[in-house]
Amino acid sequence: MSGFFHEGELVGVVTTQPLDRMLDYKAPEGGCHLGAFVEVPLGPRKVLGVVWGPGKGDFDYFKIRSVIRVLDVPPMRDEMKEFLTRAGAYTLTPLSAMVRLATRSPGLGDPPAMRKVFRMGTGEVDRMTPAREKVLAVLEEFGGLSFTLKELAEQAGVGSSVVKGLAAQGAVREEDSPRDLPFARLDPSRPGKELTEDQATAVVALDRDGYSTTLLKGVTGSGKTEVYLEAVAACLRKGRQALVLLPEIALTSEFLTRVEDRFGARPAEWHSGVTMTERRRVWRMVADGGAELVVGARSALFLPYRDLGLIVVDEEHDSSYKQEEGVLYNARDMTVLRASLCGAQVVLASATPSLETWANAEAGKYARVELTSRFGDAVLPEMRAIDMRREDLPGSRWVSPTLQNEIAKRIELGEQSLVFLNRRGYAPMTLCRACGHQIVCEHCDARMVEHRFLKRLMCHQCGETKPMPTACPSCEAEDRLAPIGPGVERMGEELAELFPDARVVVLSSDLYGTSRELKAHIEAIAEGGADIIIGTQLVAKGHNFPHLTLVGVIDADLGLQGSDLRAAEKTFQLMRQVAGRAGRAEKRGVALLQTFQPEHPVITSILNGDEEAFWKAEAAEREQAGMPPYGRMAGVILSGPEVGPVFDLGNALARNDGALKRVGAQVYGPAPAPIARIRGRHRVRLLVKAPKGAALQGALAEWIRPVRLKGDLRLQIDIDPQSFF
């Protein structure tokens, strides 16, 4: 097949619109290449699309419309087309939705032009105001990045006149800039940190050509980042591009600083915190080769790399790599697919890998490189359980006397303590003591969580908030509403009472308006600006607090409740990660787990530190049950405004399961989803379980093909579900 279509030839275009087929168009004046990004007419609109191949020609040629124009960007590479096709086939996602994932950049079709941008200036401000401080703080946080007037004003939360006033004084520099400049070149020859023998051996093991996937496993604090940054350096020396995926935006700024120290310049960033102008620049520079290294969230995997040679998935076990809305995909798994198609190396880095990755390494599908000791003088923390059945604890308290005594010792020594509770807000439930009414979300089957700092109730499913009432919404009794159970804000209150002279800080993502505020607080804490830190799982990920020597987990049993297939695995990973925050400098840390089940196999595995024994036991249990990664699963989520039609559809699917039986699959359900209503929509789930080698996708497609969704009913299939909410 020719790679070029002359004017008037029929081309098949996949648009970004929700259509299940290619559309025929005539090639425009001057023709177009295979893979060209084009603007085409669709009804009265102009939409974006990609030339996927020759047209079918099954329509009257004279009625077929022409491509409006070819965008001035490099055509989509064959490797990218293959990736989108295979990823869509695996996840049962229409190709149009996959193309939409790969074109999430504003203004792709805009011609290159000069624009006014604003950067940090050198002039003095005659009169500092809070609004001006916000603008300068944004420019400082984003380093050398430039902003349009609108973007800078919005990011700072001020009017455009504030920015113009600072520009008039020279504190902000206004300049003409061409769109989409290349990123500064990174220098892989700059010396990195001195590596330990363990790290140096790992670097050599990672230096491979062509496709490979390697599990880089190392205890928390062992220096995995230094190792994979050397792999990035090796990739850059070969003239290829690299991608580092991170699970949290909150980790990005600290990591960017490390990259800049190592390579002398900042990489390209791709995540929801990046401005629209910068997103467009990153997309185009990745395609043109003007960006050598991208650091980003899971969607960075769908950028149009010209020559991708390395993908690092940091904290590869993290659940945030699974996209739970829209296109349902696991970025870790899609990374391996993409790398296999472009001859790139994959590094999956984790102290506590997912069972899927561990099993692939055990089976020899992935290589395994291990770091067994902590970096420098740091040693692993001592792990102990606090048996809550033996603690004399009042009903309204959650910090045991044992943990309280250990915190007091650390304060006396001038060291920091971290109290961990994976519950945001003040209290997970608000109850009326007069009538027993629980305050729930009007749109979801979920309790509203009190956020006392914000003075509001919040639904953690749909984001709905409302003011904290003084009277019960049911019986109207005044002052009888009581918080039930602890959240991190309530823990902060309790610890402030127990230690009135201590500096107590609560770290939770919903308490900070911007990533800048969060970063500033984390830096202040790391420098010793707190005695006691109370945090959610945000603190378990990648932050280094050198003065922290004690970690206390308030409710180590929390994750063991419920019927989640991965409950034991998730609890093990989270507890090990949290414990790993302690003793990262020269002083040995202690991690104390408050538990009512100290004899539980997961708790004993955490305390013993025998990770391999845990993985082997967990793997044996899953294999016996035929569960992933030793079997296959797919979730089917049905939803609608009325519960009856949703259940009717679920029952009809369950009865007509012949296509699934032919591949050995079983259907369970329908049953209400654990959270049966979200945003006013009733949700019903079915679960499909199949043997490991089953051709599940084809069977699922055949199974749902006869379904005709009436009204506002929706059906979504989740291949390899990570959660069952």
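The sequence shown begins at 12 in my numbering and counts up by one.
No residue lacks a Cβ here, since even glycine has one placed at the ideal position from N, Cα and C.
For clarity, every value in this text was computed on a predicted model and none was experimentally measured.
Check: Compute the beta-carbon to beta-carbon distance between G42 and F73, rounded to the nearest angstrom, for a pair I have assumed lies under 8 Å.; Outcome: The pair is not a contact, with the Cβ atoms about 20 Å apart (cut-off 8 Å).
Check: Per DSSP, what kind of secondary structure is Q472 in: helix, strand or coil?; Outcome: coil
Check: Quick one: residues in its chain with C-beta nearer than 6 Å to the C-beta of W714, no 5 flanking neighbours on either side, listed in chain order?; Outcome: A670, L671
Check: For C486, count neighbouring C-beta atoms within 10 Å of its own C-beta (all shown protein chains included) and say buried if the count is 16 or more, exposed if not.; Outcome: exposed
Check: I believe S616 touches F658 by the beta-carbon criterion, under 8 Å. Please report the beta-carbon distance rounded to the nearest angstrom.; Outcome: So it is not a contact: roughly 40 Å between Cβ atoms.
Check: Between the C-alpha atoms of G46 and E453, what's the straight-line distance to the nearest angstrom?; Outcome: 47 Å
Check: Between L366 and A645, what straight-line distance do the alpha-carbon atoms span, to the nearest angstrom?; Outcome: 18 Å
Check: Which class does M33 belong to by DSSP, given the choice of helix, strand or coil?; Outcome: coil
Check: Rounded to the nearest angstrom, what separates L82 and S116 at their Cα positions?; Outcome: 13 Å
Check: So the candidates are P480, P478, R458; which of them puts its Cα closest to the Cα of H471?; Outcome: R458
Check: What did DSSP end up calling D723 once you bin it into helix, strand or coil?; Outcome: coil
Check: Short of 8 Å in beta carbon distance, which residues of its chain neighbour K466, apart from the five on each side in sequence? Order them along the chain.; Outcome: P478, M479
Check: From which residue to which residue does the beta strand (DSSP E) around L518 run?; Outcome: 515-518
Check: Give me whichever residues DSSP pairs with Q252 in a beta bridge.; Outcome: L319
Check: By Cβ distance, which residues of its chain are closer than 7 Å to G661, with the 5 residues on each side in sequence left out?; Outcome: L649, G680, P681, V695, L697
Check: Helix, strand or coil for A360? Go by DSSP, reduced to three states.; Outcome: strand
Check: Is it the case that the Cβ atoms of G301 and P193 are separated by a distance below 7 Å?; Outcome: yes
Check: Can you name the start and end residues of the beta strand (DSSP E) that A213 belongs to?; Outcome: Run containing A213: none in the beta strand (DSSP E); it sits in the alpha helix (DSSP H), 208-217.
Check: In chain order, what residues of the same chain have a beta carbon less than 7 Å from the beta carbon of M394, not counting five sequence neighbours either side?; Outcome: A590, A602, I617, L618, G620
Check: Look up Y679 in the DSSP assignment and say whether it is helix, strand or coil.; Outcome: strand
Check: Can you pull the DSSP bridge partners for Q427?; Outcome: L559
Check: List the residues that DSSP assigns as beta-bridge partners of P770.; Outcome: With the chain covering only 12 through 736, there is no way to say anything about residue 770.
Check: Quick check on DSSP: helix, strand or coil for L339?; Outcome: coil
Check: Hey, would you say Q427 sits closer than 7 Å to H558, going by beta carbons?; Outcome: yes
Check: Please list, in chain order, all residues of the same chain as E759 whose beta carbon is under 8 Å from its beta carbon, the five residues on each side excluded.; Outcome: No information on residue 759 is available, as it lies outside the stretch 12 to 736 that the chain covers here.
Check: Here's the rule: buried if 16 or more other CB atoms are within 10 angstroms of the residue's CB, otherwise exposed. What is S157?; Outcome: buried
Check: Could you compute how far the alpha carbon of E241 sits from the alpha carbon of A513?; Outcome: 41 Å
Check: What three-state label does DSSP hand E50 in the structure shown?; Outcome: strand
Check: I'd like the span of the beta strand (DSSP E) that includes T26, first residue to last.; Outcome: 21-26
Check: Let me check understanding here. Comparing Cα to Cα, which of A372, I79, S330, I565 lies closest to T224?; Outcome: A372
Check: Among all the DSSP beta bridges, which residues are the ones paired with P65?; Outcome: V22
Check: In chain order, which continuous runs of the alpha helix (DSSP H) of length 4 or greater are located wholly inside the stretch 394-444?; Outcome: 412-424
Check: Helix, strand or coil: which one does DSSP assign to P478?; Outcome: strand
Check: Along the alpha helix (DSSP H) that carries K74, what are the first and last residues, could you check?; Outcome: Segment: none, K74 is in no alpha helix (DSSP H) and carries neither H nor E.
Check: Buried or exposed for S264, going by 16 or more other Cβ atoms inside 10 Å?; Outcome: buried
Check: In the DSSP assignment, find the unbroken beta strand (DSSP E) run with E381 in it and report its ends.; Outcome: 378-382
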